[in-house]
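First up is the structure itself, then whatever we jot down about it.
There are 2 protein chains.
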Amino acid sequence: MDERTRAKYEARVRIIKAMAHPTRLFLVSELSRGERCVCELTQMVGADVSTVSKHLALLKSVGIVQDRKEGSQVFYSLRCPCILEFSDCVESVLRATAEEQLALAE
Amino acid sequence: MDERTRAKYEARVRIIKAMAHPTRLFLVSELSRGERCVCELTQMVGADVSTVSKHLALLKSVGIVQDRKEGSQVFYSLRCPCILEFSDCVESVLRATAEEQLALAE
DNA sequence: TCAGCATTTGCAATTATAGCCAAATCGCCA
DNA sequence: TGGCGATTTGGCTATAATTGCAAATGCTGA
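If you read the sequences in order, they're chains C and G. By this note's numbering, the letter at position 13 of the first sequence is numbered 842, and the numbering carries on one by one without gaps. By this note's numbering, the letter at position 40 of the second sequence is numbered 869, and the numbering carries on one by one without gaps.
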C-alpha cells in the first residue's frame, strides 16, 4: 500500500472513526431527527457537558455535523443526511450475524 | 441514555470500529473485488503477516468478512456487499467538506 | 459593569489499540 | 515421521482515545 493510497484511506477513516463511539453514534442519530442544542444533547446522553461538547467538536471537525450559535446556546445539526445509508449497512451486518447464530442454535 | 439504548449503540459501534482503521478499510475494499488469501493481502498491505492476520480476525469477529480454509491457506471474503453504501456516505461527507473549503478559498 | 448560564478548553489519569517478534498450530508431502 | 510454508496466538511496548474536573470564554440581562 503506497503513501498515496494510505492517505486516501486515512481520510475516510477519520470520518468512520468519528462514528465509532456509542455516544457519538447516539448524537448523530438524535441529530438525524433535527437540530439540538448542547444542553439538550447533554441531558439525553447523561455525561459531563464537557465530554459531550468534545464529542460534538470531533464530529464537526470531520464534517459530519455543523453548528449554529444563537445567543449563548449552540445548536448542532447533521450536515449530511446520508447517515441512514451508513446505518443500513451496519444493520445488515448485524442481521446477518444474528441469523447465522440462530441457524447454528437449531 | 439508558442501559438498553447504550447496548444497542455499542453493538453497532463494534462493526463501525472494525472499519475505522486504514489497513482494515483497505482490506475490506480489496475483498469487495473478490476472495483473497492472507498471503496475497499481506503482500498488498506491506505489514507483518501477524498484523494482517489480526486485522482479518477482527473483521471476522464482527461479521464483516468470512473465511474458508483450503489446504494450508485461508481465503477471506466479504460477507456483506453493503460496504459500497457505507462508503458512499463517507464519500459524500468528504465531498461536502471539500466543496465548502473550496468555496471559502474563493 | 457584574452575576449567571451555556459552552469550550486544559489537564491528568485511565484504558484501549496497533505493531512487531517469537513461538505455537495446521496441513501437506517427501 | 520430519520438515516446510501458511496462519494464528501470546507477549510487550508505544501511541492514541476517553473522561471528568477545573478554569476560561462568550453572551445576556439587571
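Glycine included, each C-beta is placed from N, C-alpha and C at the ideal position. Since the model is a prediction, treat every value here as computed from it, not as a measurement.
Tell me whether residue i sits in a helix, a strand or coil according to DSSP, three-state version.
{"i": "G:R865", "result": "strand"}
{"i": "C:D917", "result": "helix"}
{"i": "G:H850", "result": "coil"}
{"i": "G:A934", "result": "helix"}
{"i": "C:V891", "result": "coil"}
{"i": "C:A886", "result": "helix"}
{"i": "G:M830", "result": "coil"}
Throw me the rounded Cβ distance for the residue i and residue j pair, which I believe falls under 8 Å.
{"i": "C:V857", "j": "C:M848", "result": "6 Å"}
{"i": "C:M873", "j": "C:E864", "result": "No, C:M873 and C:E864 are not in contact; Cβ-Cβ is about 14 Å, not under 8 Å."}
{"i": "G:V919", "j": "C:G892", "result": "Not confirmed; about 10 Å, so no contact."}
{"i": "G:L907", "j": "G:S861", "result": "6 Å"}
{"i": "C:S890", "j": "C:V867", "result": "That pair is no contact at about 16 Å."}
By the criterion of Cβ-Cβ separation under 7 Å, what are the contact partners of residue i in chain G?
{"i": "C:A932", "result": "Within 7 Å Cβ-Cβ: nothing; C:A932 doesn't reach chain G, min ~13 Å."}
{"i": "C:V878", "result": "In chain order: nothing, as chain G lies at least about 15 Å away."}
{"i": "C:R908", "result": "A925"}
{"i": "C:A840", "result": "L923"}
May I ask you to list the residues that DSSP assigns as paired with residue i?
{"i": "G:Y905", "result": "G:R865, G:D896"}
Quick one: which chain C residues come within Cβ less than 7 Å of residue i?
{"i": "G:R835", "result": "P851"}
{"i": "G:K846", "result": "A849"}
State yes or no: is the C-beta of residue i within less than 8 Å of the C-beta of residue j?
{"i": "C:R924", "j": "C:H884", "result": "no"}
{"i": "C:P851", "j": "G:E832", "result": "no"}
{"i": "G:G875", "j": "C:M830", "result": "yes"}
{"i": "C:I845", "j": "G:I845", "result": "yes"}
{"i": "G:F915", "j": "C:F915", "result": "yes"}
So with CB distances below 8 Å, who are the chain C contacts of residue i?
{"i": "G:G875", "result": "M830"}
{"i": "G:E896", "result": "Note that residue 896 of chain G is Asp in the sequence shown, not Glu. What G:D896 touches in chain C: nothing, since even the nearest Cβ is about 14 Å away."}
Show which residues of chain G have a CB atom less than 9 Å away from the CB atom of residue i.
{"i": "C:Y905", "result": "In chain order: nothing, as chain G lies at least about 15 Å away."}
Should residue i be listed as close to the ligand PLP, given that the test is whether its C-beta is under 7 Å from any heavy atom?
{"i": "G:L870", "result": "In terms of ligand content, the structure shown is empty, and the ligand PLP therefore cannot be addressed."}
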